[in-house]
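Novice: One structure coming up, written as structure tokens, with questions to follow.
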Amino acid sequence: DAGITQSPRHKVTETGTPVTLRCHQTENHRYMYWYRQDPGHGLRLIHYSYGVKDTDKGEVSDGYSVSRSKTEDFLLTLESATSSQTSVYFCAISEWGTSGVTGELFFGEGSRLTVL
Amino acid sequence: AQSVTQLGSHVSVSEGALVLLRCNYSSSVPPYLFWYVQYPNQGLQLLLKYTSAATLVKGINGFEAEFKKSETSFHLTKPSAHMSDAAEYFCAVSESGNQFYFGTGTSLTVIP
Chain A
364 DAGITQSPRH
374 KVTETGTPVT
384 LRCHQTENHR
394 YMYWYRQDPG
404 HGLRLIHYSY
414 GVKDTDKGEV
424 SDGYSVSRSK
434 TEDFLLTLES
444 ATSSQTSVYF
454 CAISEWGTSG
464 VTGELFFGEG
474 SRLTVL
Chain B
9 AQSVTQLGSH
19 VSVSEGALVL
29 LRCNYSSSVP
39 PYLFWYVQYP
49 NQGLQLLLKY
59 TSAATLVKGI
69 NGFEAEFKKS
79 ETSFHLTKPS
89 AHMSDAAEYF
99 CAVSESGNQF
109 YFGTGTSLTV
119 IP
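In order, the protein sequence lines correspond to chains A and B. Numbering of the first sequence is given in the numbering used here, commencing with residue 364 and proceeding in unit increments. Numbering of the second sequence is given in the numbering used here, commencing with residue 9 and proceeding in unit increments.
In structure tokens form, the structure reads like this:
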């Protein structure tokens with residue numbers, strides 16, 4: 364199994380509070396991703412990173428920010444949580460960019476966030 | 009633009025019957041294609057992937073998928089369903105290899 368740890372695994376918070384989810388990898392992969400999973404929508408990309416301090420937006424990035432100060436850590440922050448951000452959040456990593464690698468995604472176990 | 013359509017959000021099959029989960033993709037270039045499986049309260053696991061080699065791809069747990077360019081399809085099959093196959097299945101496409109787009113998923117129920 365790919366070494367991906369997400370924390371916290373479960374969190375309940377109130378509208379308007381800041382929330383940070385952490386993804387930690389031990390694989391030294393270049394690419395890291397944050398997805399959210401919602402019924403009827405599958406997985407949608409929030410942000411991704413292609414290196415330390417190199418990040419880009421995905422299809423549902425509004426209301427979210429990310430940071431990557433170290434290769435192994437990718438943080439997702441909700442500056443002011445809203446009920447529409449209640450979801451299951453998955454971190455994923457990929458070794459895309461390594462010569463000869465086609466780069467499938469490896470997923471963490473998910474973080475379930477409830478915003479009341 | 010890349011996109012994936014999975015026909016049938018819920019599929020039920022009898023144990024021992026053929027499993028067929030449909031995936032059609034849209035891509036402007038030859039894509040990479042993937043099937044993932046998700047068991048309850050877990051992350052996604054790779055079942056198989058197509059990366060422009062053989063068009064018939066074999067994966068884990070007896071699953072396979074065939075890339076058909078003319079039909080822009082990548083349907084997932086398994087000859088004989090097992091109770092342990094009950095899960096949610098996601099098809100995904102990537103053009104560049106660094107961004108992935110997922111379908112909305114198909115929930116597979118296996119009836120004893």
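Don't be surprised by glycine CBs; every beta carbon is placed ideally from N, CA and C.
For the stretch 28-56 of chain B, enumerate the residues whose C-beta is nearer than 9 Å to any C-beta of chain A, in chain order.
Specialist: Y40, F42, Y44, Q46, N49, Q50, G51, L52, Q53 and L54
Novice: Is S450 of chain A closer than 8 Å to T440 of chain A when the C-beta atoms are compared?
Specialist: No, they are not a contact pair.
Novice: Should F437 of chain A be flagged as near chain C, meaning a C-beta pair shorter than 8 Å?
Specialist: The structure shown contains no chain C; its protein chains are A and B.
Novice: Give a yes or no on whether the C-beta atoms belonging to C31 of chain B and S81 of chain B are separated by under 8 Å.
Specialist: yes
Novice: Could you say which of A:F470, A:Y452 and A:E458 lies nearest to L476 of chain A if we only look at CA atoms?
Specialist: Restricting attention to A:F470, A:Y452 and A:E458, the CA atom closest to the CA of L476 of chain A is found in A:Y452.
Novice: Return yes when the Cβ of A100 of chain B is within less than 8 Å of the Cβ of L116 of chain B, no when it is not.
Specialist: Contact: no.
Novice: Taking 8 Å as the limit between beta carbons, can you name the residues of its chain near R372 of chain A, skipping five residues before and five after?
Specialist: Correct list, in chain order: E472, G473, S474 and R475.
Novice: Which class does K77 of chain B belong to by DSSP, given the choice of helix, strand or coil?
Specialist: The answer is helix: DSSP assigns K77 of chain B an H, G or I state.
Novice: Show which residues of chain B have a CB atom less than 7 Å away from the CB atom of Y427 of chain A.
Specialist: Ordered by position in chain B, no residue passes the 7 Å Cβ test against Y427 of chain A, which lies about 17 Å from the chain.
Novice: Which chain A residues are close to G113 of chain B, counting only those with a beta carbon under 7 Å from its beta carbon?
Specialist: G405
Novice: Just to confirm before moving on: does the CB-CB distance between Y58 of chain B and F75 of chain B stay below 8 Å?
Specialist: yes
Novice: Is E390 of chain A close to chain B? Criterion is C-beta to C-beta, closer than 8 Å.
Specialist: no
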